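Residue numbers (full-length UniProt numbering), protein chains in the order written: chain U, 1 to 406; chain V, 1 to 406.
Note that CB positions come from ideal geometry on N, CA and C, so glycine has one too.
Remember, predicted model here, so these are calculated numbers, not experimental data.
Below you'll find the structure, written out as structure tokens, and then a few comments.
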Ligand SMILES: NC(=O)c1ccc[n+]([C@@H]2O[C@H](COP(=O)([O-])OP(=O)(O)OC[C@H]3O[C@@H](n4cnc5c(N)ncnc54)[C@H](O)[C@@H]3O)[C@@H](O)[C@H]2O)c1
Ligand SMILES: NC(=O)c1ccc[n+]([C@@H]2O[C@H](COP(=O)([O-])OP(=O)(O)OC[C@H]3O[C@@H](n4cnc5c(N)ncnc54)[C@H](O)[C@@H]3O)[C@@H](O)[C@H]2O)c1
């Protein structure tokens, strides 16, 4: 297959490119490198030293003989160039990772909110409009998140995308309708994913586009079979308060002897998936394309759920790190249950990698190896969800102590 | 009250400005005049000769002694200027009309789709982000549409915004949750209103913004008590295939002896409201502001529903015009029931104006008076929802005959 990978320079995009290239597909990376610019803006960098995308493609060719083509293009801002690109390359499938993906970044300031909405909505809508306009019948696979449902659910199992509801008709009977599972996004970033769902529903219905939306859990880990092939193929590893996801952050904190920072009671349950499983799931979803006229296929892409404080305790047991409880800068319920259905991927043959000591240790090893590159001042979380919460976090003595210690 | 009216130069915005100015409020119009540019792009014009906004404000001052201030500003593209503007003027309420509002225009081409999404989502989101950032606790009143639910509903009564659904929890009990009534938008324009709803829900929940969303039916008529005060205060009157709404278009067609063009069987039921009631409803909603922390208030702003073919027959009886049935360029069910609840406005004291011969005749009079300004080639509908439908409309002999006759 000829596959366009939008956002292929990112944390999940890069190992996906390698995995699918390795499987024999023709891979085209489309990226505006905005994530690297955001590193520059924030003054942070990947823990793992990351070469330019051009250099990474060159090394992959050297190591495997396979070609990765890189195209520098902003899919949110350059609609006409993107459409022309599609027309020229006619991909069989498009995998769409190209969005601003950090909830804390999306809440940093009004500028960041405006950027996130503008970038993510236009990116997704441009892809849809260009597919319709060019008439290219590619399968579109998008990465969404289970976070759209809000973490403060009432303790119901999260089904795969749809909810049957009974609606009373005028004649008094109750008719069952399948609706998009109602969302309750908890950040501007999550909100954009909730908007994406409506865009997909419309274009699948109006134009028969074939779309799969993968509601992914929090990705952890760093290596896949392919990134291990050469030191310069290493994946990016974010540990800062904006882009570092919770488990990766704990492992870094442990590696440098910093306390594991749990926000609130740590009673929030989150869904997780290892990066290796993430790329496998994307491949499985790719092979199982919906037909024209079918509704959007929604899969939950996760393998296990954990409470944040249980994870902290697990990492603490493994590494001896202390745990620090800090005020929560997010607006969310302190404690919640979460049960997520992932029957579709299990049915497609996914054999989940779970949080094993071996893999956790591997991440700690990566962290230790590059510990000299860690900027400790970047480890605390920095964005607060509202102005009130910002003030509260700011006043907290423990948070203050950590900030000055770092 | 000091009221900012975003999109105050438009069809509903202008009479709202006059109505609220007349009621003694301090009115600030914010508009980028994009609707006038779209007239230029399409080569169409309002049936009624429309002066510049500056001139209209001058006349209002002359006639009533009251001041309307006009501010030229693009709220979608100029976030920083808009924020500074808010900070300077500190309105008590913001009424937000400033979106691209024609479904056919939003479906004309990919460029129009991209523009509509970009303009509408950023406009709404910028207003929300700027209110949070400036800390201005203004009541935000937005104009939405009942069209978000899709016209192909199953024949259920459309409640005012929310639907209680039973969700089964992990412990096996069923908990009732109020969710946003599920949408099924039928055009890119309607889709943007469905996106707006999610933006409102988030900002009401996260930041306590006070928001009322008015799901309006199709507006008909042209005069209100204030626009009648002076010929140059007349409201705009769109009759072209993009911006002309169905009843106004029938009345124009009748006035110039053109057949009333019904698409498909005309079995689609739509909700209607007269422009005079529209401005009254906005005033009522304005006075009934939600409290901080309350969920978004959603009102259905309509007074009656009719099948399109029944409306055509009514206008035909009144005027002797013929009816022509043409293929439907929209993708929608041919026949549908529609019952809409509007209990909230009735409770607030709305006394609806219904389709009376008198008012219909008044519109026909307006149309006759300006008949010399009608460009007959602009009367047929021109945008098709999909490429297949475009081809079908194009081949239809009756549609072809009308196009060449006009
Ligand atoms: N990492 C996770 O834990 C996680 C969890 C759930 C969902 N997701 C989703 O998976 C996708 C990829 O996540 P990631 O962790 O790899 O993020 P990332 O930020 O590392 O990668 C995103 C890539 O997209 C590019 N991009 C952004 N906007 C673009 C634009 N307008 N035009 C072209 N390229 C653009 C960026 O430069 C970057 O390379 C995102 O959509 C994210 O929401 C990620
Ligand atoms: N007219 C109807 O029948 C009807 C029905 C239901 C809902 N509505 C809604 O009511 C609102 C007003 O409708 P209308 O018929 O008056 O439309 P309109 O097009 O006549 O007016 C919209 C006004 O907003 C301005 N505008 C658009 N984008 C802007 C931007 N980025 N910055 C500043 N100004 C901008 C335009 O220049 C125009 O003056 C719309 O949101 C529409 O969706 C209208």
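Environment of residue 391 (chain U) [buried if 16+ CB atoms lie within 10 Å]: By the C-beta density criterion, residue 391 (chain U) is exposed, having fewer than 16 other C-beta atoms within 10 angstroms.
Contact with chain U by residue 182 (chain V), beta-carbon distance below 8 Å: So yes, residue 182 (chain V) belongs to the interface.
Under 8 Å (Cβ pairs) to chain V, residues found in the stretch 65-86 of chain U: Of all residues in the stretch 65-86 of chain U, only 79 and 83 come within less than 8 Å of chain V when Cβ atoms are compared, listed by chain position.
Residue 269 (chain U), enclosing beta strand (DSSP E) - first and last residue: Residue 269 (chain U) -> beta strand (DSSP E) spans 269-274.
Interface flag, residue 133 (chain V) vs chain U, CB-CB below 8 Å: Closer than 8 Å to some Cβ of chain U, the Cβ of residue 133 (chain V) qualifies, so yes.
Any 3 or more C-beta pairs closer than 8 Å across the stretch 68-76 of chain V and the stretch 28-37 of chain V: A contact is defined here as three or more CB-CB pairs under 8 Å, and the stretch 68-76 of chain V meets this definition with respect to the stretch 28-37 of chain V.
8 Å Cβ cutoff, residue 155 (chain V) in contact with chain U: Answer yes: the Cβ-Cβ gap between residue 155 (chain V) and chain U drops below 8 Å somewhere.
Chain V within 8 Å of residue 195 (chain U), Cβ atoms only: Taking 8 Å as the CB threshold, residue 195 (chain U) lines the interface with chain V.
Near-chain V residues of the stretch 195-213 of chain U (beta-carbon distance less than 8 Å), N- to C-terminal order: Within the stretch 195-213 of chain U, 195, 198, 199, 201, 202, 205, 206 and 207 place their CB atoms closer than 8 Å to a CB of chain V, listed in sequence order.
Assigned exposure category for residue 76 (chain V) - 16 Cβ within 10 Å defines buried: With 16 or more other Cβ atoms within 10 Å, it is buried.
Residue span of the alpha helix (DSSP H) that contains residue 291 (chain V), given as start and end: Counting along the chain, no alpha helix (DSSP H) covers residue 291 (chain V), and no H or E run does either.
Beta-carbon neighbours of residue 6 (chain V), restricted to chain U and to distances below 7 Å: Annotation: residue 6 (chain V) has no Cβ neighbours in chain U at a cutoff of 7 Å; minimum Cβ distance is about 16 Å.
Rounded C-alpha distance that separates residue 285 (chain U) from residue 137 (chain V): Each residue's alpha carbon lies about 46 Å from the other.
Identity of the residue in V:309, V:292 and V:345 nearest residue 250 (chain V) by Cα: The candidate whose alpha carbon is nearest that of residue 250 (chain V) is V:309.
Element boundaries [alpha helix (DSSP H), containing residue 9 (chain U)]: Premise fails: residue 9 (chain U) is in no alpha helix (DSSP H) and is neither H nor E.
Closer than 8 Å to chain U by CB, residue 191 (chain V): Using beta-carbon distances, residue 191 (chain V) counts as an interface residue toward chain U, with a partner under 8 Å.
Simplified DSSP state of residue 236 (chain U), which is helix, strand or coil: Coil at residue 236 (chain U), not helix or strand.
Sheet register partners of residue 222 (chain U) (DSSP bridge): Looking at the DSSP assignment, residue 222 (chain U) forms no beta bridge with any residue, so it has no partner.
Alpha carbon of residue 214 (chain U) to alpha carbon of residue 10 (chain U), nearest angstrom: Residue 10 (chain U) has its alpha-carbon roughly 17 Å from the corresponding atom of residue 214 (chain U).
Exposed unless 16 or more other CB atoms sit within 10 angstroms - verdict on residue 347 (chain V): It counts as exposed.
Beta-carbon neighbours of residue 113 (chain V), restricted to chain U and to distances below 7 Å: Residues of chain U passing the Cβ test: 129.
CB contact check: residue 168 (chain V) to chain U, cutoff 8 Å: Yes, contact with chain U.
Proximity test, residue 249 (chain V) beta-carbon vs ligand 2 heavy atom, cut-off 7 Å: Checking the Cβ of residue 249 (chain V) against ligand 2 gives no.
Classification of residue 13 (chain V) by the beta-carbon crowding that lies within 10 angstroms, buried from 16 upward: By the 10 Å Cβ count, residue 13 (chain V) comes out buried.
Residue(s) in a DSSP beta bridge with residue 72 (chain V): Residue 72 (chain V) is bridged to V:31.
Outcome for residue 354 (chain V) when other beta-carbon atoms lying within 10 angstroms are tallied against a minimum of 16: So residue 354 (chain V) counts as exposed.
Supposed contact pair residue 47 (chain V) and residue 370 (chain V) - C-beta distance, whole angstroms, cut 8 Å: Confirmed, Cβ separation roughly 5 Å.
From U:78, U:20 and U:36, residue whose alpha carbon lies closest to that of residue 237 (chain U): It is U:36 whose Cα lies nearest to the Cα of residue 237 (chain U).
C-beta neighbour in chain V for residue 119 (chain U), strict 8 Å: Taking Cβ atoms only, chain V never reaches closer than 8 Å to residue 119 (chain U), which makes this a no.
Any non-hydrogen atom of ligand 2 closer than 7 Å to residue 224 (chain V) Cβ: The nearest non-hydrogen atom of ligand 2 is 7 Å or more from the C-beta of residue 224 (chain V).
Where residue 224 (chain V) falls, given that 16 or more other Cβ within 10 Å makes a residue buried: Residue burial is scored here from C-beta neighbours: residue 224 (chain V) has at least 16 other C-beta atoms within 10 angstroms and is therefore classed as buried.
Backbone CA spacing between residue 304 (chain U) and residue 275 (chain U) [nearest angstrom]: Looking at the two C-alpha atoms, the distance is approximately 13 Å.
Assigned secondary structure, residue 39 (chain V) (DSSP; H/G/I helix, E/B strand, else coil): The answer is helix: DSSP assigns residue 39 (chain V) an H, G or I state.
Backbone CA spacing between residue 254 (chain U) and residue 205 (chain U) [nearest angstrom]: Spanning the two alpha carbons is a distance of roughly 48 Å.
Residue 145 (chain U) beta carbon near ligand 1 (any heavy atom closer than 7 Å): Because some heavy atom of ligand 1 lies under 7 Å away, the Cβ of residue 145 (chain U) counts as near it: yes.
Contact test: residue 234 (chain V) Cβ vs ligand 1 heavy atom, cutoff 7 Å: Incorrect: residue 234 (chain V) has no Cβ contact closer than 7 Å to ligand 1.
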